[in-house]
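If you read the protein sequences in the order shown, they are chains B and V.
The numbering of the first sequence is the numbering used here, which starts it at 1 and goes up by one.
The numbering of the second sequence is the numbering used here, which starts it at 242 and goes up by one.
Beta carbons: idealized from backbone N, C-alpha and C, even for Gly.
Here the structure is a predicted model, which is why all the values come from computation and not from measurement.
Report on the structure given below.
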Amino acid sequence: MEDRPVKEIFTDVLGKPFGIVLFQLLEATQFTIYLSLIAFLGGGLIALAVTAARVSPLKPLNRAFAAYTWLFQSAPLLMLLFLFGLGVPRLFDIQVDPWYAAGIALTLYTSAYLAEVWRGALTAIPAGQHEGGKALGLTFVQIMVLIILPQAVRLAIAPTVGFMVQIIKGTSLAYIIGFHDLMAIGKRWANASVPGTQPFIIYPIMAMIYFSLCFPLSVWSRRLEKRLGSTSSKGRPTAAA
Amino acid sequence: MADLRFFEIYRNHEYLWLLFNGALVSAALTVGGGLFGFLFAVLIAAVRHHRVPVLAHVATVYVELIRNTPLIVQMFFVAFGLPLLLGYQWPFWAHALLALTLNFSAYFAEILRAGLASIGSGQTEAADALGLPRWLCFLKITFPQAAAAMYPSLNSQFIFLFLTTGVISEISVTDLTWAGLFIDSRSFRSFEVFFTLTVIYVLMSLTFKTALAMLHDRLFKWRTVR
């Protein structure tokens, strides 16, 4: 009920169909943001565990999680969405809320990429640092926490911020499994035969909304990269989608 | 409950044929988009590298716009927006190819820009001193070096972009994802179908990776012979 005056302001300023459309698009954008945050936080937590496993001296653990990252980096995001949104429900004959399906698919996708970014940052630290730690008689955990991590975090921050752009863009695919976000609302309006909501008007508006979500992050990540020093190009996935 | 029936689904030869055909369409559109996108990206990167007035700024805005919006929005704009706006309608695969070309070009252009920037200005100065025209210097000196340096990035970017091309099925292009959705709607075996698709995508990206590695060896032979 509270957003009613806001909606009226939109319709007053921009006219009947267009004001409502823009209001609904902006309102749906919040779900795009929520889903991005879920994916980023959930994916970040899993990625922490995966990264820890991948740099640990235990060989089998390392191999298992290398396979995990490889798998979820090679599988298209769209396929993960289909598997969790359509495949798993059909397989087990259960109902899965699009929130869960989209959240899980994006979280797995994010975790694989972030784990790779973070591992890249860790391996970018010269071996001499490890050796120096060993020479001082520190344990593996001590070397990691006291020497390697503080240096690696610097390298990892910029690509991590850059990757958030990719997640935000990735959420645009979730409408395919029935998630109601900016993309779903926009597509519905573009298909509606209301004057002023033609595809060539709606899609540029949607592009502008996504752009205003992503561009500040892109700029920020580039600035961080300049300030903190960039990672080598290996182990750093490039943003796409 | 959880019973998997891969065999039963794919006893249907029509489905196998659809998957095969879809994989070919996906590969063809990706390679086409990659090639045209690369050519366009070279143009963009050249304009930005030489700071051509006005055009360089337009190119920057273009690259940022494409890189910060989802492919699917670009795809829908190209497929449904442009035809209404300009009053023409190509077959959908042509719209898909255009959208992929535009999308790929922005990512490639960004890599090329960084690659060109990494070539020291001493190289250009030396070419100037030898009296080489600017364009010849770009073609013969700057570009080959930048290309060699940027090949791995372009390579992995291409693989990544290939994995995102599934969205072209949304505009009724009969690509691999479309084939999967079609089989799913007929057989009602979603898990098996999308699992198969995932495997095919992974295998295809491995194939691309191998092909690109082989291409690397051929293109940059001069780098290893010193």
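Would you report the Cα separation of residue 206 of chain B and residue 59 of chain B, rounded to the nearest angstrom?
C-alpha separation (whole angstroms): 47 Å.
Have a look at B/145, B/107, B/192 and flag the residue whose alpha-carbon is nearest the alpha-carbon of residue 81 of chain B.
Answer by Cα proximity: B/107.
Between residue 432 of chain V and residue 91 of chain B, how many whole angstroms is the CB-CB distance? I'm expecting something under 8 Å.
That belief holds up - the Cβ atoms of residue 432 of chain V and residue 91 of chain B are roughly 4 Å apart, short of 8 Å.
Is residue 57 of chain B helix, strand or coil when you go by DSSP?
Residue state, collapsed to three classes: coil.
Look at the alpha carbon of residue 39 of chain B and the alpha carbon of residue 326 of chain V, and state the distance between them as a whole number of angstroms.
For residue 39 of chain B and residue 326 of chain V, the distance between alpha carbons rounds to 36 Å.
Specify whether the stretch 89-105 of chain B and the stretch 167-187 of chain B touch according to this definition: at least 3 beta carbon pairs, one from each stretch, less than 8 Å apart.
As far as the Cβ criterion goes, the stretch 89-105 of chain B touches the stretch 167-187 of chain B, which means the pair count is three or higher.
Show which residues of chain V have a CB atom less than 9 Å away from the CB atom of residue 165 of chain B.
Within chain V, the residues near residue 165 of chain B are 308, 309.
Distance cutoff 8 Å, beta carbons only. Does residue 439 of chain V sit that close to anything in chain B?
For residue 439 of chain V, the answer is yes, since a Cβ of chain B falls inside 8 Å of its Cβ.
Starting from the Cα of residue 419 of chain V, find the closest Cα among V/429, V/438, V/401, V/292 and give me that residue.
Checking every option, the nearest Cα to that of residue 419 of chain V belongs to V/438.
Assign residue 359 of chain V to one of three DSSP states: helix, strand, or coil.
Three-state DSSP puts residue 359 of chain V in coil, outside helix and strand.
Output needed for residue 77 of chain B: all residues of its chain with C-beta closer than 8 Å, excluding positions within five of it in sequence on either side, in chain order.
105, 106, 109, 170, 173, 241.
If I'm right that residue 360 of chain V touches residue 383 of chain V with Cβ under 8 Å, what's the distance once you round it to whole angstroms?
Indeed they touch by this definition, with Cβ atoms about 5 Å apart.
Using the Cβ count rule (16 or more neighbours within 10 Å means buried), how would you classify residue 411 of chain V?
Its Cβ being crowded by 16 or more others within 10 Å, residue 411 of chain V is buried.
Which stretch, first to last residue, makes up the alpha helix (DSSP H) that contains residue 305 of chain V?
Start and end: 296-308.
If you count every other CB in all the chains shown that lies within 10 Å of the CB of residue 139 of chain B, and 16 or more means buried, which is it?
With fewer than 16 other Cβ atoms within 10 Å, it is exposed.
If we define contact as Cβ-Cβ less than 8 Å, is residue 121 of chain B a contact residue for chain V?
Residue 121 of chain B does not count as touching chain V.
Where does the unbroken alpha helix (DSSP H) through residue 254 of chain V begin, and where does it stop?
Note, residue 254 of chain V: alpha helix (DSSP H), 254-290.
Residue 253 of chain V to residue 204 of chain B, Cα distance in whole Å?
Computed Cα separation, rounded: 42 Å.
Looking only at its own chain, which residues have a Cβ that is under 7 Å from the Cβ of residue 282 of chain V, when we skip the five neighbours before and after it?
Correct list, in chain order: 346, 349, 350, 353.
Who are the Cβ neighbours of residue 223 of chain B in its own chain at under 6 Å, not counting the five residues just before and after it?
Contacts found: none.
Would residue 161 of chain B pass as an interface residue toward chain V - the criterion being a Cβ-Cβ separation below 8 Å?
Not one chain V Cβ lies under 8 Å of residue 161 of chain B.
Among V/450, V/430, V/451, which residue has its Cα nearest to the Cα of residue 83 of chain B?
It is V/430 whose Cα lies nearest to the Cα of residue 83 of chain B.
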